[in-house]
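The sequence shown begins at 1 in full-length UniProt numbering and counts up one residue at a time.
The beta-carbon is built from N, C-alpha and C at its ideal position, and this holds for glycine as well.
What you are looking at is a predicted structure, and each value in this text was computed from that prediction instead of being measured.
Beneath this line is the structure, given in structure tokens, with notes to follow.
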Amino acid sequence: MTTQTTQDLLALYKELESTTALSTWWPADSRYEIIVGAVLTQNTSWRNVETAIAQLKAADALDPHTLLELPLPRLQELIYSAGFYRVKTTYLREATQWFVDNDAEARSWDTARLRKSLLSVRGIGDETADSIALYVYQRPLFIYDLYARRLLASRGFGSFPNYKAAKRALDQHLPVLSAAEFGTFHGLIVDHSKQAAGRM
Numbered sequence: 001m002t003t004q005t006t007q008d009l010l011a012l013y014k015e016l017e018s019t020t021a022l023s024t025w026w027p028a029d030s031r032y033e034i035i036v037g038a039v040l041t042q043n044t045s046w047r048n049v050e051t052a053i054a055q056l057k058a059a060d061a062l063d064p065h066t067l068l069e070l071p072l073p074r075l076q077e078l079i080y081s082a083g084f085y086r087v088k089t090t091y092l093r094e095a096t097q098w099f100v101d102n103d104a105e106a107r108s109w110d111t112a113r114l115r116k117s118l119l120s121v122r123g124i125g126d127e128t129a130d131s132i133a134l135y136v137y138q139r140p141l142f143i144y145d146l147y148a149r150r151l152l153a154s155r156g157f158g159s160f161p162n163y164k165a166a167k168r169a170l171d172q173h174l175p176v177l178s179a180a181e182f183g184t185f186h187g188l189i190v191d192h193s194k195q196a197a198g199r200m
């Protein structure tokens, strides 16, 4: 359904595309690394996540089977920089087990089934599920993170108290974009927001 909101969202994408310098967005050497990053980035900065991922790589532990075999104290030590390391260790192990058990089949699931399965994993909420679906499984989804909700509010799309409320209100108005374009849209919003904050 094409609405004025759809046209305005597409115009915002084009505007950001022409005015924002896009960094290398969500750098990762593997699909599994994206899942690790998506879990660890909750409630912390990406810089802290990069440190944790570097620690995992240095320990040759950024492999799902290897990570699942790590003793709990060792895994906690490796991801300590990401904060909340005790609970994130549990979340990371459960997300990793999901990946090992489901990845091959999940590639052919429809998006609704994929999201439902991801959301059944402890520690994976709407934002993390959509990020994994977009960046790992190339599903055309918009990421309504805090950066996006703030920008959308400032541009008159509405003020939303949380991820779920924004998704419920705006998903039906999204322009038809590919997964790659939605990934770029997300990256542009984050980079635009950071660049704008740096000018303040």
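- By the neighbour-count definition (other C-beta atoms within 10 Å, threshold 16), residue 88 is a buried residue.
- If you draw a straight line from the Cα of residue 80 to the Cα of residue 2, it is about 46 Å long.
- Taking 9 Å as the cut-off, the Cβ atoms of residue 52 and residue 70 do not count as close.
- Counting only runs of at least 3 residues, the region 150-199 fully encloses no beta strand (DSSP E) element at all.
- The region 4-14 and the region 169-184 touch, with no fewer than 3 CB-CB distances between them shorter than 8 Å.
- Taking a contact to require three or more Cβ pairs closer than 8 Å, the region 107-125 and the region 144-159 do not qualify as touching.
- In the structure shown, the three-state DSSP call for residue 47 is helix.
- Where residue 36 is concerned, the enclosing alpha helix (DSSP H) starts and stops at 31-40.
- Taking the CA atoms as reference points, residue 39 sits about 8 Å from residue 95.
- Taking C-beta atoms under 8 Å as the contact rule, residue 179 and residue 139 qualify, at a distance of about 6 Å.
- In its chain, beyond the 5 residues on either side, 152, 166, 169, 170 have a beta carbon closer than 8 Å to the beta carbon of residue 158.
- A straight line joining the alpha-carbon of residue 15 with that of residue 119 spans about 33 Å.
- Within the same chain, Cβ atoms closer than 6 Å to the Cβ of residue 85 are found at 76, 79, the five residues on either side in sequence being excluded.
- The distance from the Cβ of residue 21 to that of residue 191 is about 7 Å, consistent with a contact at the 8 Å cut-off.
- Judged by beta-carbon spacing, residue 30 lies within the 9 Å limit of residue 62, meaning their Cβ atoms are closer than that value.
- If you look at residue 76, you'll find it in the alpha helix (DSSP H) that goes 72-78.
- According to the DSSP assignment, residue 131 belongs to the alpha helix (DSSP H) that extends over 126-135.
- With at least 16 other beta carbons inside 10 angstroms of its own, residue 130 counts as buried.
- Residue 189 has its alpha-carbon roughly 28 Å from the corresponding atom of residue 99.
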